[in-house]
Every structure is written in C-alpha cells, then in structure tokens.
Amino acid sequence: MLCRYLSNSTASRAYRKLSAMGSAFTIPKLASPVLSRRRRYSEPRPRSFTVSRTQPCFSSSLPFICCPRVTAHLRMPSWTFEPPPTLATISTAAERYSASCGGCLATIFACTWVSVHPNVPPPGQSCLQLYWRRLKMMLIAIIAPEIMVGFAARQFFASRRLSKEFEFSTMHGFFFCMGGFISSAGYPVATKKQLEDPALGSEFRAAIRNINEEDIMDKSKGDALSKSVALLQGMWFILQCVARVHQRIPVTQLEVATLAFAVVNLFIWLLWWNKPLDVQRPIVVGPPTLPHRQALAGSELSPSDWFLAAIFGFSANRYQPLASTSVPSFWYTPLDDGIEARVLFVLTLVGIVFGAIHCAAWTVVFPTSTEMWMWRTCSPVIAAIPGLASLQLLPLIATRRSLRERLRESCLLPMTFGSIIWVGTPLYIAARLILIVLAFMGLRSPPPSAFVDVNWSMYIPHI
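Numbering (the working numbering), first residue to last: 4 to 466.
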C-alpha cells in the first residue's frame, strides 16, 4: 500500500509540475507512442516538449519504486513544402521572365509572320526584296492587325463569290484574287471584267478550271501542318492566359497585348485557311493575246490609296491590269454592297474586341502611375475608333431603298466619316505604338506574383 501511495503521489506531483511549466508541454495518453505531425509551410514551427509514459521501472530510491518513469523529449516537427494542389508552383524569377518573354514573342511571330499571306510579287525580285516585302506586311500587322483582318475578309468573300459565279473552287478563287493567274502576254488576270470579257473571258475561265488544286498547292510554301502549329500556339497562349486569370495569377502587360494579337489572328487564320502561302511565281492561263484586247478603263492607284482601300474598301475598281505585271500588295476583287457590309461588320467587330482586350488590363499593376494612365487612355481609343468608323455601314445596311439613297446623297455622313478617317487614323496609330512600348516597359519591374506559373502547364509540351 505504501509503495502504491508513494507511486501515485509522486506521479501526480510530477505531472502537476510539468503542467505548471507552460502550455507548450503536452501529455500523451498512457503507453501512447510519440507521434510527429507533418506541418505545411503556412503553419508556425513551434518547439514543444512531450511527456511519454513507459512501463514501470524499479529504482534503488524508495519513492520511485514501481513508479512510472517520466521522461521529456524535445520534438522537432519536420518542415515540409507541400503546396496545395490548387495553387501554382513558383519558379525562379529568371525562368519565369524568360518563359514569359519567349512565349509572347513566339506567339507574336506566329501571329504575324506565319499568318500573313501576301499576294504574288512582281517578277524578277530578289530574295532580299521578297523578305522586305513580307516584313513590311508583318509590321503593318503588328501596328494595326485589323487591316489584315479587313484584307483577309475581302479576299475571302471575293473568292467565295467567284467560286459560286464561275464554278471555281475556293482555292482557285483565292489564287485568282492574289494575282496568281497571268495571261500569255504577262499581264495579271485578276478582275471580274476579264472573266466576263466577250472575246477572252470564256478562254480564261476554261483555262482556270483546267488547273488542279494540287498544282496550286504545290506553289504554296505552307501546308495544313504548319498552319495548325501556328494556330495551336495561339490557342495555347489564349488557354494559358485564361487559366492564369481563373487561378487569380496576375498577367503582365506584354501577355495582355499578345493575347489580343492571338485572338485577332484567329480570324486571319480562318479567313486565309485555303489561301496559298508565299507564292512567288504565277500560272500562265489563256491564249496569247494583244494588250488592247485586255484593256480596262481606269488608272493606277498609289500605295496610300491601296492602303486605305484595304481598310475601308473604296477605289479598288480603278485598278488596271495592263499598268503593271502584278497585282498590288493589298489587291482584292471589288465587291458589291451586300458583301462589303459583311466585311465592314467583321472589321468593326474585330477592332472592338482587340481594344476591349487591352481595356481588360485596367487593374494590372504598372511600374508607375504615368504608364497606368497612358494605358487606360490608349486602350479605349483603339476600341472606340473602329466603332466610329462603322458609320460607313449605315448606307449599306439601310433596309429601305429611299433611306439608303438619302444617306448616300447626304453631305453630313461623308464629312463625318472623312473626319474620323483623317483624324482617327493618326490617333489610332499613335495609341497602338504607345501600347506596344508600354507592354515591353512593364517587364522592367513586374509584380512578384507574376513569377507564378500555372501548375499544370509544365506537363504539356509548348513553346
């Protein structure tokens, strides 16, 4: 009894003493092993003692005979970095910086160089001249991608109209619009009047129908695989930006600008999917003819006129095939009012979407307040100008003929539209250049959270 009393009282005093020393001491149950708990990196790292009870042991000291042995162990919980599955993994700043710039530049290159389909160049040009010709179109696509959308839309609708009216395929129609057919005398066959000519039109139509699509595709420098790779790169970048927004990971200004390029160039790829890429030599069709048999009324357009015609679609019927040995860079077959209204609608829609994507970066962190307000000023400008330019659609979409004639004869609408063109075009170009510069300037001091990667992107091969 004495032994039992001493054992119980001694143990009680020991437990009370250890408990009074602080709340950091934990007393497990009898005969319970010491369990270590793995903590996440977000929890504090405490230092605590644990008291464990073992089997009774016998000591030479009487008070501790048959008394449980009390021992103190220093428990050091292990530090484990186990991010939750819903969070993104953080890479190094250099890797994230290089990956962001590389992905953006690769997407911009695919959206401009690969997606731009120039017309057939004049004969006798060197490789340097050909590259410079395509580089100029690439720069235009970077500054104002809506121009390429309007150019592609006009050639798309023109090729469809030609294929239905003259029983061509869509590829034949594209090749016709881009100046791919020339007569035996060396002049382009690229106008609807030439196909409807009473003397030579039937021979031109028969010669074009006898050309196989395989022969046209053989002149193309691109195929479905190369276009699919560029298309997948653009879609991959769009998906990655959407995933970053969904996981509330910040997006840089360069990524927002690249996203706008990728979305706009989706329209270009779809409109020019059947157009041969980078054709350098035309196909000769028709019998040998004298120049006066092909003469058409009109005069040659200046490069600035063709530039405006590619955007707004006027003065294109002034082209004379005999004036040159190739079609201009922005040549397209003239369209009627119904198709022209569709083209302008697509052009307006794409322009507003392109500007709205830039406006989506309204709350993005900028290095300085000046850059922030410059972005917030230029983004609505590039979204509003295409909407104001859509006033040209009013005479084309008017349902009543009397209203349509009054709008055509009105002086107010041409004056308003002309003011928008001559004032809005320089303003639009300046705003686009400012946004491009701001997109690259934002990389000098991005927010720390911009170095966070999407957690599943590392498992998918991409550029």
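No residue lacks a Cβ here, since even glycine has one placed at the ideal position from N, Cα and C.
Can you give me the Cβ contacts of residue i inside the same chain, cut-off strictly under 6 Å, excluding the 5 residues immediately before and after it?
| i | result |
| --- | --- |
| Cys381 | Ala434, Ile437 and Leu438 |
| Ala233 | Ala113 and Val117 |
| Gly176 | Ser162, Leu165 and Ser166 |
| Leu65 | Low confidence applies to Leu65: its pLDDT is 42, below 50, so where it sits in the model is not reliable, and the reading given next is rough at best. The answer is none, since no qualifying residue turns up. |
| Pro49 | Confidence at Pro49 is low in this model, with a pLDDT of 47, below 50, so its placement is unreliable and no value can be given for it. |
Distance, Cα to Cα, residue i vs residue j?
| i | j | result |
| --- | --- | --- |
| Met377 | Cys362 | 12 Å |
| Val192 | Pro337 | 14 Å |
| Val267 | Gly127 | 34 Å |
| Leu325 | Val426 | For Leu325, the predicted structure reports a pLDDT of 48, less than 50, and the residue's modelled location is therefore unreliable. A value from the coordinates is still provided. Between Leu325 and Val426, the C-alpha separation is close to 35 Å. |
| Phe179 | Ser448 | 50 Å |
| Lys139 | Ala442 | 22 Å |
| Phe184 | Ala144 | 26 Å |
| Gly182 | Phe270 | 22 Å |
| Gly105 | Arg137 | 22 Å |
| Ile214 | Gly204 | 16 Å |
| Tyr335 | Thr115 | 20 Å |
| Ile111 | Ser186 | 38 Å |
| Thr371 | Gly445 | 9 Å |
| Thr490 | Ser329 | With the chain running from 4 to 466 in the structure shown, residue 490 is simply not present. |
| Tyr44 | Trp135 | Low local confidence applies: a pLDDT of 41 at Tyr44 is under 50, so the model's placement there is unreliable, and no value is given. |
| Ala227 | Thr373 | 45 Å |
| Leu352 | Ala202 | 42 Å |
| Pro429 | Glu206 | 46 Å |
| Cys130 | Gly225 | 17 Å |
| Ile241 | Val440 | 21 Å |
Among the options, which residue has its Cα nearest to the Cα of residue i?
| i | options | result |
| --- | --- | --- |
| Ser223 | Ile286, Glu199, Val266 and Ser162 | Ile286 |
| Lys230 | Gln256, Trp275, Ala209 and Pro449 | Trp275 |
| Pro331 | Gly225, Pro125, Gly445 and Leu228 | Pro125 |
| Gly390 | Phe270, Trp135, Ala210 and Gly358 | Gly358 |
| Ala147 | Val440, Ile432, Met444 and Ser452 | Ile432 |
| Leu273 | Leu142, Pro450, Ser205 and Met151 | Met151 |
| Ala424 | Ser393, Gly445 and Met444 | In the sequence as presented, Ala is not what sits at residue 424; that position holds Ile. Here the closest residue by C-alpha is Ser393. |
| Ile219 | Ile388, Ala202 and Val288 | Val288 |
| Pro383 | Thr373, Ala364, Gly445 and Leu446 | Ala364 |
| Asp339 | Phe160, Tyr134 and Ile388 | Phe160 |
| Ile388 | Val254, Thr366 and Leu350 | Leu350 |
| Ser452 | Met444, Val440, Val367 and Arg379 | Val367 |
| Ile211 | Gly445, Phe171, Thr428 and Tyr134 | Phe171 |
Between which two residues does the alpha helix (DSSP H) containing residue i stretch?
| i | result |
| --- | --- |
| His249 | Ala227 to His249 |
| Gln158 | Pro148 to Phe169 |
| Val119 | No alpha helix (DSSP H) contains Val119, which DSSP labels as neither H nor E. |
| Pro389 | Ser372 to Ala392 |
| Phe178 | Thr173 to Cys180 |
| Trp272 | Gln256 to Leu274 |
| Arg208 | Gly204 to Arg212 |
| Leu280 | Here Leu280 belongs to no alpha helix (DSSP H), and DSSP marks it neither H nor E. |
| Ile219 | Glu216 to Asp221 |
| Leu446 | Looking at the DSSP string, Leu446 is not in any alpha helix (DSSP H), and its letter there is neither H nor E. |
| Lys224 | Here Lys224 belongs to no alpha helix (DSSP H), and DSSP marks it neither H nor E. |
| Gln197 | Lys195 to Leu198 |
Under 7 Å Cβ to Cβ from residue i, same chain only, skipping five residues before and after it: list those, please.
| i | result |
| --- | --- |
| Cys107 | Leu257, Glu258 and Thr261 |
| Thr173 | Ser162, Arg163, Ser166 and Asn277 |
| Arg208 | Phe169 and Leu198 |
| Met375 | Phe369 |
| Arg284 | Lys222 |
| Val248 | Val254 |
| Arg379 | Trp365 |
| Ser26 | Unreliable positioning characterises Ser26 in this predicted model, as indicated by a pLDDT of 44, which lies under 50. A coordinate reading is not provided. |
| Met141 | Thr115, Trp116 and Val119 |
| Glu216 | Ser172 and Met174 |
Within the same chain, show all residues whose beta-carbon is closer than 8 Å to that of residue i, passing over the 5 residues directly before and after it, in chain order.
| i | result |
| --- | --- |
| Leu293 | For Leu293, the predicted model reports a pLDDT of 45, less than 50, meaning its position is unreliable and no value from the coordinates is stated. |
| Ile385 | Gly354, Phe357, Gly358, His361, Tyr431, Ala434, Arg435 and Leu438 |
| Pro450 | Pro253 and Val368 |
| Leu133 | Pro124 and Gln283 |
| Glu149 | Val267, Ile314, Leu350, Val353, Gly354, Phe357 and Pro389 |
Does the count of Cβ pairs from the segment 115-123 and the segment 280-290 closer than 8 Å reach three? yes
Could you tell me whether the segment 256-265 touches the segment 196-203, where touching means 3 or more Cβ pairs closer than 8 Å? no
Assess, as a yes-or-no matter, whether the segment 155-163 is touched by the segment 343-354 under the definition of 3 or more beta carbon pairs within less than 8 Å. yes
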